[in-house]
Structure formats: structure tokens, C-alpha cells
Amino acid sequence: MKNKVIGIIFATLLAACASDEPPPGDFEQEPAKTGKSLSPADQSAVKAAADEAAKNVAAEAARLQAQQAAELEKSRLAEIRVAEEKAEAEAKREEAQAAADELAAENDARAREQASAREATAKQAEEEAALLKSRANAQEKSRMQAAREKAAREEADAAARREAENAARATREQRAEAALETEVANAAPVDAAVNSAGMPAQEKSSGDAQAESAVANIEDALDKASDVAPIPEQKAARKFNWQWLWVVLLVVAVGWLWKKRKSNQKNDNSTADV
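In this note's numbering, the protein residues as written are 1 to 274.
This is the structure in C-alpha cells:
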């Protein structure tokens, strides 16, 4: 503001210096210096010149004031424009910040969703693994239970087969003993007849020794057969062999008894002839 006032005063002085007429003070002081008085026409001219100079000064001041006002308005408009640009830039910055914040929020939400999806997938995988493990354990338990049951059944079947074989062997032994006793009982009357007929003591003792030896052999075979335990892998073969063994033993015993009876009958006939 001080500079503007100084400029106005400087402009007024320049306008006064540029005028062809002297300043009003000079015309008024001129008569005192010269000792002469001005005429009314000169005074009117001086006054008109002074008024013109005052008008010029006022016009220049008005022009300067208008120029100053224009400059002020221009400065104000520039400030307004700068403020508007600043506000626009601030609005753009805020808009960009809002967009960045929104994008960051979307990225965070997407990251949280992806993390949740990964956690859900991992949890589902763990549940599936636990389910598969439980199923495998259940299958293993079922397999082991089935194996134990199968082993128990096989053991029970083997025990039942052993019992059946023992019973069959006992039955066969009883039948063989009964058959042997029957044969011995059938041969007893013949021996008694031979003894009553006066069979020589040497032949009698020899026949008894042979009979006792045959009976002892049969008893030894029966004892060995009863002492031998069947092996599961050879049960069928052993069963087949024992059956044939019993048949052979019975055939041998019957043949021996039949031969002894024939011999006794021959001795009886020879004794009767004598």
C-alpha cells in the first residue's frame, strides 16, 4: 500500500512537470516577485490552467487507482484461480487417495478371502486325511479281526478234525480189537480140542509162542498208531495209509488164524488116524 501511494505522488509530480503552465503557486507569487499584478484574464487563465492540472492529476490518480484496482482484481482472480486449482488438485488427490484406499480395501478383502479359502481347503484336506486314516484303521482292525476269526475257525476245525480222527482211530482200534478177540475166541475151541487130544508139548508151546508173538506185534502196531499224532498237511495221506495198515493187519491176523486152524485140523486128523 505504501508503494502505491508513493507511485501516485510520483505520477502527480511527473504530470505537473510535463505541463507547460507553471504551478499555481508560482503564478500567485509572481506579482509579489515582480511587483506587478495580473489581469483578470491572466488570472482566469492561471486558474483554468490550475484546474486543468488538478483535473489531470485527479484523472491520473483515478487511472492509477483503476489500474491498481485492476491489478488487485487480477491478483484476486489469480489467487482465486490458484485456490481453485489447489482445491481441484486437493480434490483429485483426495479422489486418488480414496481410489487407492478402496483398491487397498478390495485387495485386503481378496487376500482375506483367499486366506479363508486356503484355510478351508487345508481344513478339508486334514478332515479327509483323518477320515482316510480312520477308514484305514477300521479296515486294518476289520482285517485283523477277520484274520483272528479265521485262525480261530481253522484252529477249531483242526481240533474238530483231530477229535474226529482220534474218535475214528479209537473206533478202528476197538473194531480191530473186537475182531481179534473174535478170531481168538473162535480159535480157542480148536486149541482146546488140540490140547485135549494130546498135542505134543513142543508143538503146543511153539503154536502158543507164535500166537503170542502175532498178538504182541499187533498190539505194538496199535500202540505206535495211537502214539503218532496226525500232521495237518499229511492228514489225508496218513488216514489213507492207516486204513490200509488196518486192512493188512486184519488180513495177516485172519490168515495166521486160518493157517493155525488148518494146522490144528491136520494134527487132529493125524491123531485120529493113529
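Every residue, glycine too, gets a C-beta built ideally from N, C-alpha and C.
- As the crow flies, the alpha-carbon of aspartate 108 is around 14 Å from that of alanine 117.
- Secondary structure of serine 44 (DSSP, three-state): helix.
- Of the candidates Trp246, Arg81, Asn56, Ala69, Trp246 places its Cα closest to the Cα of alanine 178.
- Around the beta carbon of valine 254, fewer than 16 other beta carbons lie within 10 angstroms, which makes this residue exposed.
- Taking the Cα positions, leucine 132 is about 28 Å away from alanine 151.
- Leucine 250 sits close to alanine 176, with the two beta carbons spaced by under 8 Å.
- Annotation for leucine 72: no residue places its beta carbon closer than 7 Å to its own, counting only its chain and skipping 5 residues before and after.
- Taken atom to atom, the span from the alpha-carbon of alanine 130 to that of glutamine 114 is near 24 Å.
- DSSP, read as helix, strand or coil, puts serine 39 in coil.
- Contiguous beta strand (DSSP E) elements confined to the region 122-183 do not occur, taking only those with 3 or more residues.
- Distance from the CA atom of arginine 169 to the CA atom of lysine 262, rounded to whole angstroms, is 32 Å.
- A residue is called buried when at least 16 other Cβ atoms come within 10 angstroms of its Cβ; valine 46 meets this threshold and is buried.
- Around the C-beta of asparagine 264, 16 or more other C-beta atoms lie within 10 Å, and the residue is accordingly described as buried.
- Non-local beta-carbon contacts of alanine 48 in its own chain, meaning distances under 8 Å to residues more than five positions away in sequence, are absent.
- In this structure, the alpha-carbon of threonine 121 lies about 10 Å from that of glutamate 128.
- By the C-beta density criterion, leucine 180 is buried, having at least 16 other C-beta atoms within 10 angstroms.
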